[in-house]
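One structure is given here, and the rest of the page talks about it.
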Amino acid sequence: MKDTLKLMLSSLMVMVTAGCAFAFPDVNDDYWAAKQINELNAKGVIVGYPDGTFQPDENVTRAEFASMAIKALGQESIQVAQPVTFTDITPDFWAYDMIQKALYFDLINSSSNTFRPDDNVSRAESITMAVNALTTQEISDYKALTALQDYADLKEIPQDFLIPAGKAQILNMLVTVPSAGEKKIDAKRPATRAEVAAILYRMLDEARYNPNAKLAEVMRKKTGEGYVIEGATVQGSVGTIPAGAIVPINITQAISSQKNQSGDIYVGTVPVNYTTKDKYILIYEKSALKGQLLDVKKGKWFVRNGVLILDNSLVVTPNDQTAHFYATGEIKKDRNWFMKIVRATLKGEKLENYPDNTVNVKLLKPIKVDLTNGWIIE
3 MKDTLKLMLS SLMVMVTAGC AFAFPDVNDD YWAAKQINEL NAKGVIVGYP DGTFQPDENV
63 TRAEFASMAI KALGQESIQV AQPVTFTDIT PDFWAYDMIQ KALYFDLINS SSNTFRPDDN
123 VSRAESITMA VNALTTQEIS DYKALTALQD YADLKEIPQD FLIPAGKAQI LNMLVTVPSA
183 GEKKIDAKRP ATRAEVAAIL YRMLDEARYN PNAKLAEVMR KKTGEGYVIE GATVQGSVGT
243 IPAGAIVPIN ITQAISSQKN QSGDIYVGTV PVNYTTKDKY ILIYEKSALK GQLLDVKKGK
303 WFVRNGVLIL DNSLVVTPND QTAHFYATGE IKKDRNWFMK IVRATLKGEK LENYPDNTVN
363 VKLLKPIKVD LTNGWIIE
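Here you go:
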């Protein structure tokens, strides 16, 4: 059983440490958009081809991009009461509902009676849609031009893309492929799958803090009762559990200073929701925890009291996300002043912990959480 648990933990550690960097054989871990591609793939926003590849240099259609954008924002279930009519898409089109949702949330302008769903989405179109998902500060043409002055093709930017491009540059959303050549916006060029992943990743990151008005209505932070974490902060829809926070965990099997060894694997759970003082849920009850016993020493008479120190490393949330959860804690017995003297003098105390007992651990690194869906942001 111990070997099985150790193998399970090792596998999870490899997966999390690599950040799913090898999700696709044609996206190496040092590829410029590997992080964005793999994280959006883990969230189900983008998928690969039937042969298992991602093909990052392929193009994306306008219908595909609208669908990806809605998935990235987590708004697949919203209902649109008054759909917009286009001459080139019908309700039986595969992306009809997603396109209507993109229109409802003002990601797309509906000034034309055609949508061109099978046309490749251009860089200008994809970046504009991403910017439209946000509440942004209004800027002038002059400020946009100033922000974009380092781009070699500045004079070639379509006039209707100037302001969105300027806003995107200010927000670090004007994704360009790292290269040794001239720095270009390439507004009219079809966006590649890698570029789309990077654009959507930045859009989602910004939307957590500054969604547009319609998105703000539905991107509500989840609330509930639970254990209030002191010092937890909220900005937009992002909650942060600070390093040093003390949180309770339950270990699902009995452990003992007399029977276990350092390095033994344990599995635990979050006994109650971890919340902010305003009851926003940070980590959900029953999330699974995994770690190992960092230090175990048997209690021996006249030599030492028992030692049980936990080293937690992973959390598996109810949405099946596996993420880092670095924390440490020590199992101790509560003793009155007399027993403290006895144990300090005689030593030999044995330590045991049972599944019904709660152990407090201290977080070693901060954790950021999307409060709308419980997704841990890494």
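Just so you know, this note's numbering puts the end of the sequence shown at 380, numbered straight through with nothing missing. We put the CB at the ideal spot given by N, CA and C, even for glycine.
- Close CB contacts of P27 within its chain, under the 8 Å cut and outside five residues either way in sequence, are with G54, T55 (chain order).
- Excluding sequence positions up to five before and after K281, its CB lies within less than 6 Å of the CB of T225, all in the same chain and listed in chain order.
- The C-beta of S142 has fewer than 16 other C-beta atoms within 10 Å across all chains shown, which makes the residue exposed.
- In the structure shown, Q161 falls within a helical segment according to DSSP collapsed to helix, strand and coil.
- For the beta strand (DSSP E) assignment, the uninterrupted runs of no fewer than 3 residues enclosed by the stretch 261-347 are, from N- to C-terminal side, 267-271, 283-285, 290-299, 309-318, 324-332.
- Restricting attention to R222, G293, K300, the CA atom closest to the CA of Q260 is found in K300.
- Taking C-alpha positions only, N115 is separated from V123 by approximately 17 Å.
- Taking the Cα of L291 as reference, the smallest distance to any Cα among N252, E60, L217 is reached at N252.
- Under DSSP, G246 takes part in no beta bridge, so it has no partner.
- When the Cα atoms are used, D31 and E184 turn out to be separated by approximately 25 Å.
- With 16 or more other Cβ atoms inside 10 Å of its own Cβ, G76 counts as buried.
- Under DSSP, the beta-bridge partners assigned to T194 are N61.
- Between A104 and A71, the gap from beta carbon to beta carbon is short of 8 Å.
- Excluding residues up to 5 positions away in sequence, G46, V47 lie with their Cβ nearer than 7 Å to the Cβ of K73 in the same chain.
- Here L365 is bridged, per DSSP, to A329.
- DSSP places I201 within a helical segment (H, G or I) once states are collapsed to three.
- Check the Cα spacing between N362 and each of V133, I187, D120, P273: the tightest is with P273.
- For Y229, the beta-bridge partners assigned by DSSP are Y276.
- Taking C-beta separations shorter than 6 Å and ignoring five residues to either side along the sequence, the partners of A97 in its chain run A65, S69, following chain order.
- By the beta-carbon neighbour count (other beta carbons within 10 angstroms, threshold 16), T242 is buried.
- As DSSP reads the structure, W377 sits in a beta bridge with D372.
- By the Cβ neighbour-count rule, S113 is exposed, with fewer than 16 other Cβ atoms within 10 Å of its own.
- The C-beta distance from M175 to V133 rounds to 7 Å, short enough to fall under 8 Å.
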